[in-house]
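Remarks on the structure that follows.
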Amino acid sequence: MAMPLADPHPFRNATRVLSSVLSPLEKRTLQFLAEWMPVWVNSDHLTSLGLVAMLGAGLSFWLAGTWPPAVGLVVVCLAINWFGDSLDGTLARYRHHERPRYGYYVDHVVDIFGALFLLGGLALSGYMSPLVAMGLLIAFLMMSIEVYLAAHTLGRFKITYMMLGPTELRILLSIGALWLLIQPDVTILGRTYHLFDVGGVAGIAGLLTLLVVTTIRNTRTLYLEEPVGGTSTSETRRSNVPL
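Below, the structure written as structure tokens:
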């Protein structure tokens, strides 16, 4: 009798850590939407919709630089992005169509391009200086790399920090976009700055702080699990397997 071949590309699906303010309500909402989603719609359609929506948000910010009411389109695009980006995984799990390696790779590549589209649009709009937009994109990518590495080495994919997740950030961004119609600039210590420059600098500082804290914490965790001169957990398991 032929033995089943081992998976040539084993993949350990990391545990998702999602504990944001809206996560309980969001989970129930996504489950409801997945149950009522037409059969011809699959997770790839939703992922593509989320990416196109983020491109639309960036283009809408760009348009808002010459036609301010376009910030309303930003809000609509962010809502559509939430629908596609948040529901694709839920739909795949509901229908038992999980593709762990494919989903992990595509979802995060889409996030990277989405951030580029959004911040590129902001930089072109004039509401955020290109330097701040570039700094925020770099900080986001650095934090993303740390999250992906932690998911691979620790088996935990942390999505939320300080009770804030992607959904809460979309809401804050939408509020900020609408506020541009009222007050696009702010005065701090007698000097005037773009509202989104102030928010962008705060975002950079927050992301870099999180990056340092999580890097130290995860490095310590991994060091304790694999001390210098010690035996790693995987090596211990292999040594206990009888020959």
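Each number in the working numbering comes from the position in the sequence shown (counting from 1) with 1425 added on.
Quick reminder that beta carbons are idealized off the backbone N, C-alpha and C, glycines included.
Bear in mind that the values here come from a model prediction, so they are computed numbers and not experimental data.
For residue i, which option in the options has the closest C-alpha, if you only look at C-alpha atoms?
i	options	result
Y1519	L1594, L1458, A1602	L1458
V1501	L1512, V1446, G1483	G1483
S1448	T1592, R1616, L1647, D1532	T1592
T1639	A1504, E1460, E1571	E1571
Y1586	S1468, M1568, S1599	M1568
A1576	Y1530, V1637, L1598	Y1530
D1536	S1599, I1584, R1524	I1584
DSSP has residue i in a bridge; who is on the other side?
i	result
T1612	T1617
Using 8 Å for Cβ pairs, my map puts residue i next to residue j. What's the rounded Cβ distance?
i	j	result
G1509	G1475	3 Å
V1557	G1625	4 Å
I1629	L1566	About 12 Å; that fails the 8 Å criterion.
G1590	S1445	4 Å
S1468	H1521	That pair is no contact at about 12 Å.
L1633	A1564	6 Å
Residues in the same chain with beta-carbon distance under 8 Å from residue i, minus the five sequence neighbours each way, listed in chain order, please.
i	result
L1620	Y1552, G1601, W1604, L1605, Q1608, P1609, D1610, V1611
F1486	A1495, V1496, V1499, L1543, G1546, L1547, L1549, S1550, Y1552, A1602
G1455	Before going on, a small fix: residue 1455 reads as Leu here, not Gly. Result list for L1455: S1511, L1512, T1515, in chain order.
L1430	A caution first: L1430 carries a pLDDT of 48, below 50, which makes its placement in the model too unreliable to give a value.
T1578	N1643, L1647
L1635	M1568, Y1586
CB-CB under 7 Å to residue i, same chain, minus the five flanking residues each way: which ones, in chain order?
i	result
L1574	none
L1471	G1509, L1512, D1513, L1516
Can you find the residues in the same chain that come closer than 6 Å, C-beta to C-beta, to residue i, ignoring five residues on each side of it along the sequence?
i	result
G1481	C1502
A1489	A1495, V1496, S1550
I1505	A1478
R1595	L1503, W1507
S1554	D1622
V1653	none
**Message:** Suppose only complete runs of 4+ residues qualify. What are the alpha helix (DSSP H) ranges in the segment 1465-1522, listed by chain order?
**Reply:** 1468-1489, 1496-1519
**Runs of alpha helix (DSSP H) lying entirely within the segment 1570-1650, each at least 4 residues, in chain order** = 1591-1604, 1620-1650
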